[in-house]
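Asks:
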Amino acid sequence: MTGRDCHGISDTGMNPQELAGYLDELIFSSTGKHIDSLQLAILKGVLNGQKYADIAKEYNCSTGHAKDEAYKLWQLLSDTLGEDINKSNFRATIERIIAKNSQFVGNIKIEKLNLCSGSFRDIENNNELIPDDKVFIDSIQKKTKRDTIPRLVKLGLTSEQIAEALDLPILEVRKIRDSQK
(Lines of atoms letter the chains of each structure in order from A and count residues from 1; the text may use other names and numbers.)
(Lines give C-alpha, C1' and ligand atoms only; values in the text may rest on other atoms or scores of the structure.)
Protein backbone atom coordinates (compact mmCIF):
# COMPACT_ATOMS: atom_id res chain seq x y z
CA MET A 1 0.00 0.00 0.00
CA THR A 2 1.20 3.52 -0.68
CA GLY A 3 1.27 6.53 1.57
CA ARG A 4 -1.99 7.60 -0.03
CA ASP A 5 -3.83 5.05 2.06
CA CYS A 6 -3.26 7.04 5.25
CA HIS A 7 -6.30 9.20 4.46
CA GLY A 8 -9.36 9.20 2.24
CA ILE A 9 -10.59 5.77 1.19
CA SER A 10 -9.15 4.12 4.29
CA ASP A 11 -11.00 6.71 6.42
CA THR A 12 -14.25 5.25 5.09
CA GLY A 13 -13.47 1.90 6.66
CA MET A 14 -13.11 0.29 3.22
CA ASN A 15 -9.92 -1.18 1.85
CA PRO A 16 -9.38 -1.29 -1.95
CA GLN A 17 -10.76 -4.86 -2.11
CA GLU A 18 -13.97 -3.90 -0.27
CA LEU A 19 -14.37 -0.74 -2.31
CA ALA A 20 -13.92 -2.67 -5.55
CA GLY A 21 -16.59 -5.14 -4.38
CA TYR A 22 -18.93 -2.27 -3.48
CA LEU A 23 -18.46 -0.67 -6.91
CA ASP A 24 -18.89 -4.04 -8.63
CA GLU A 25 -22.24 -4.50 -6.85
CA LEU A 26 -23.35 -1.00 -7.86
CA ILE A 27 -22.42 -1.71 -11.47
CA PHE A 28 -24.14 -5.12 -11.34
CA SER A 29 -27.32 -3.61 -9.91
CA SER A 30 -27.32 -1.06 -12.71
CA THR A 31 -26.26 -3.22 -15.67
CA GLY A 32 -26.79 -6.83 -14.62
CA LYS A 33 -23.10 -7.52 -15.31
CA HIS A 34 -20.10 -7.75 -12.99
CA ILE A 35 -16.78 -6.11 -13.77
CA ASP A 36 -14.13 -8.45 -15.14
CA SER A 37 -10.87 -9.40 -13.45
CA LEU A 38 -8.76 -6.84 -15.35
CA GLN A 39 -11.18 -4.06 -14.43
CA LEU A 40 -10.98 -5.21 -10.81
CA ALA A 41 -7.17 -5.09 -11.02
CA ILE A 42 -7.42 -1.58 -12.49
CA LEU A 43 -9.65 -0.39 -9.63
CA LYS A 44 -7.32 -1.80 -7.00
CA GLY A 45 -4.22 -0.57 -8.81
CA VAL A 46 -5.51 2.98 -9.21
CA LEU A 47 -6.53 3.05 -5.55
CA ASN A 48 -2.99 1.98 -4.67
CA GLY A 49 -1.44 4.68 -6.89
CA GLN A 50 -0.21 2.35 -9.64
CA LYS A 51 0.30 3.37 -13.26
CA TYR A 52 -1.46 1.48 -16.07
CA ALA A 53 1.91 0.02 -17.14
CA ASP A 54 2.39 -1.51 -13.68
CA ILE A 55 -1.16 -2.86 -13.61
CA ALA A 56 -0.69 -4.34 -17.10
CA LYS A 57 2.59 -5.98 -16.07
CA GLU A 58 0.97 -7.58 -13.00
CA TYR A 59 -2.00 -8.71 -15.09
CA ASN A 60 0.26 -9.95 -17.92
CA CYS A 61 -1.27 -7.82 -20.68
CA SER A 62 -0.17 -4.83 -22.72
CA THR A 63 -0.35 -1.30 -21.35
CA GLY A 64 -2.59 -0.38 -24.29
CA HIS A 65 -5.05 -3.14 -23.42
CA ALA A 66 -5.10 -2.05 -19.77
CA LYS A 67 -5.75 1.57 -20.84
CA ASP A 68 -8.58 0.47 -23.16
CA GLU A 69 -10.21 -1.56 -20.39
CA ALA A 70 -9.71 1.30 -17.94
CA TYR A 71 -11.49 3.66 -20.34
CA LYS A 72 -14.44 1.24 -20.52
CA LEU A 73 -14.43 0.97 -16.72
CA TRP A 74 -14.45 4.76 -16.21
CA GLN A 75 -17.34 5.04 -18.69
CA LEU A 76 -19.25 2.30 -16.86
CA LEU A 77 -18.68 3.97 -13.49
CA SER A 78 -19.62 7.37 -14.94
CA ASP A 79 -22.89 5.96 -16.28
CA THR A 80 -23.63 4.09 -13.05
CA LEU A 81 -22.84 6.93 -10.67
CA GLY A 82 -24.02 9.80 -12.87
CA GLU A 83 -20.69 11.63 -12.70
CA ASP A 84 -17.73 11.99 -15.04
CA ILE A 85 -15.13 9.62 -13.63
CA ASN A 86 -11.58 9.06 -14.87
CA LYS A 87 -8.29 7.90 -13.41
CA SER A 88 -7.30 11.34 -12.15
CA ASN A 89 -10.57 12.11 -10.32
CA PHE A 90 -11.59 8.57 -9.36
CA ARG A 91 -10.29 8.57 -5.79
CA ALA A 92 -11.68 12.03 -4.93
CA THR A 93 -15.07 11.32 -6.54
CA ILE A 94 -15.51 7.98 -4.79
CA GLU A 95 -14.43 9.44 -1.44
CA ARG A 96 -17.03 12.21 -1.84
CA ILE A 97 -19.79 9.77 -2.82
CA ILE A 98 -19.00 7.45 0.08
CA ALA A 99 -18.85 10.38 2.50
CA LYS A 100 -22.30 11.54 1.33
CA ASN A 101 -23.78 8.06 1.59
CA SER A 102 -22.44 7.12 5.01
CA GLN A 103 -21.78 8.77 8.32
CA PHE A 104 -19.52 7.74 11.18
CA VAL A 105 -20.44 8.28 14.81
CA GLY A 106 -17.51 7.30 16.97
CA ASN A 107 -16.45 3.92 15.59
CA ILE A 108 -19.95 3.06 14.41
CA LYS A 109 -20.74 3.41 10.73
CA ILE A 110 -24.28 4.40 9.82
CA GLU A 111 -25.23 4.03 6.18
CA LYS A 112 -28.31 5.60 4.63
CA LEU A 113 -30.20 5.96 7.90
CA ASN A 114 -33.73 7.10 7.11
CA LEU A 115 -35.41 9.08 9.84
CA CYS A 116 -38.23 10.25 7.58
CA SER A 117 -41.82 9.40 8.35
CA GLY A 118 -42.76 9.49 4.66
CA SER A 119 -43.01 6.51 2.36
CA PHE A 120 -40.31 5.45 -0.07
CA ARG A 121 -42.38 6.99 -2.90
CA ASP A 122 -42.31 10.35 -1.07
CA ILE A 123 -38.54 10.09 -0.80
CA GLU A 124 -38.19 8.98 -4.42
CA ASN A 125 -40.24 11.94 -5.68
CA ASN A 126 -38.35 14.45 -3.53
CA ASN A 127 -36.78 16.93 -5.93
CA GLU A 128 -34.36 18.07 -3.23
CA LEU A 129 -32.39 14.82 -3.48
CA ILE A 130 -28.92 15.27 -4.83
CA PRO A 131 -28.03 13.32 -8.00
CA ASP A 132 -25.90 10.77 -6.11
CA ASP A 133 -28.87 9.89 -3.91
CA LYS A 134 -31.11 9.41 -6.95
CA VAL A 135 -28.49 7.15 -8.55
CA PHE A 136 -28.22 5.19 -5.30
CA ILE A 137 -32.02 4.83 -5.02
CA ASP A 138 -32.31 3.80 -8.68
CA SER A 139 -29.56 1.19 -8.35
CA ILE A 140 -31.14 -0.28 -5.20
CA GLN A 141 -34.55 -0.39 -6.88
CA LYS A 142 -33.12 -2.19 -9.93
CA LYS A 143 -31.28 -4.69 -7.75
CA THR A 144 -34.39 -5.33 -5.66
CA LYS A 145 -36.51 -5.89 -8.76
CA ARG A 146 -33.94 -8.29 -10.22
CA ASP A 147 -33.66 -10.17 -6.93
CA THR A 148 -37.46 -10.52 -6.82
CA ILE A 149 -37.78 -12.21 -10.22
CA PRO A 150 -36.82 -15.77 -9.10
CA ARG A 151 -39.34 -15.58 -6.25
CA LEU A 152 -42.11 -14.54 -8.61
CA VAL A 153 -41.19 -17.37 -10.97
CA LYS A 154 -41.55 -19.83 -8.07
CA LEU A 155 -45.03 -18.40 -7.47
CA GLY A 156 -45.94 -19.34 -11.03
CA LEU A 157 -45.98 -15.92 -12.70
CA THR A 158 -45.06 -15.73 -16.37
CA SER A 159 -42.25 -13.54 -17.66
CA GLU A 160 -44.84 -11.15 -19.08
CA GLN A 161 -46.64 -10.85 -15.74
CA ILE A 162 -43.36 -10.27 -13.91
CA ALA A 163 -42.24 -7.64 -16.42
CA GLU A 164 -45.53 -5.81 -16.05
CA ALA A 165 -45.61 -6.04 -12.24
CA LEU A 166 -42.01 -4.88 -11.80
CA ASP A 167 -42.03 -2.42 -14.71
CA LEU A 168 -39.02 -4.12 -16.30
CA PRO A 169 -38.30 -4.92 -19.95
CA ILE A 170 -39.52 -8.40 -20.86
CA LEU A 171 -36.09 -9.33 -22.28
CA GLU A 172 -34.40 -8.49 -18.98
CA VAL A 173 -36.91 -10.64 -17.08
CA ARG A 174 -36.40 -13.55 -19.48
CA LYS A 175 -32.62 -13.24 -19.25
CA ILE A 176 -32.68 -13.36 -15.45
CA ARG A 177 -35.27 -16.14 -15.47
CA ASP A 178 -33.19 -18.22 -17.90
CA SER A 179 -30.02 -17.69 -15.86
CA GLN A 180 -31.79 -19.24 -12.85
CA LYS A 181 -32.45 -22.53 -14.66
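This note's numbering puts the first residue of the sequence shown at 357, with every later residue one more than the last.
Heads up, the beta-carbon is just placed ideally off N, CA and C, and yes, glycines get one too.
Treat the numbers as computed from the prediction; the structure is a model and nothing was measured.
According to DSSP, is Asp392 helix, strand or coil?
Replies: In this structure, Asp392 counts as coil in the three-state DSSP scheme.
Asks: Flag this pair as yes or no: are the beta carbons of Ala397 and Tyr408 separated by less than 8 Å?
Replies: Taking 8 Å as the Cβ cut-off, Ala397 and Tyr408 do not qualify as a contacting pair.
Asks: How big is the Cα-Cα spacing for Gln536 and Pro506?
Replies: Rounded to the nearest angstrom, the two C-alpha atoms are 7 Å apart.
Asks: Our contact map puts Leu379 next to Leu394 with C-beta atoms below 8 Å; I'd like the distance itself, whole angstroms only.
Replies: So it is not a contact: roughly 14 Å between Cβ atoms.
Asks: Give the list of continuous alpha helix (DSSP H) stretches no shorter than 4 residues that lie fully inside the region 371-430.
Replies: Counting whole runs of 4 or more residues, the region 371-430 contains the alpha helix (DSSP H) stretches 372-387, 393-403 and 408-415.
Asks: Run the CB neighbour count on Glu425, radius 10 Å, all protein chains shown included, and call it buried at 16 or more, exposed below.
Replies: Under this definition Glu425 is a buried residue.
Asks: With a cut-off of 8 Å on the beta carbons, I'd call Arg530 and Val509 a contact; round off their distance for me.
Replies: Not really, about 11 Å apart at Cβ, beyond 8 Å.
Asks: Only counting the same chain, and skipping five residues up and downstream in sequence, which positions put a Cβ closer than 7 Å to that of Val402?
Replies: The residues are Lys443 and Phe446.
Asks: Do you know offhand how far Leu411's Cα is from Ala521's?
Replies: Here residue 411 is Ile; the residue named in the question, Leu, does not match the sequence. Roughly 45 Å between the two C-alpha positions.
Asks: What do you reckon, are the CB atoms on Ser386 and Lys501 nearer than 8 Å?
Replies: Not closer than 8 Å, so no.
Asks: Indicate whether Ile496 and Leu375 have their beta-carbon atoms separated by less than 8 Å.
Replies: For Ile496 and Leu375, no; Cβs fall outside 8 Å.
Asks: Going by DSSP in three states, Leu524 sits in which element: helix, strand or coil?
Replies: Reduced to three states, the DSSP call for Leu524 is coil.
Asks: Taking the C-alpha atoms as reference points, what is the distance between Thr514 and Phe492?
Replies: Taking the straight line from one Cα to the other gives about 29 Å.
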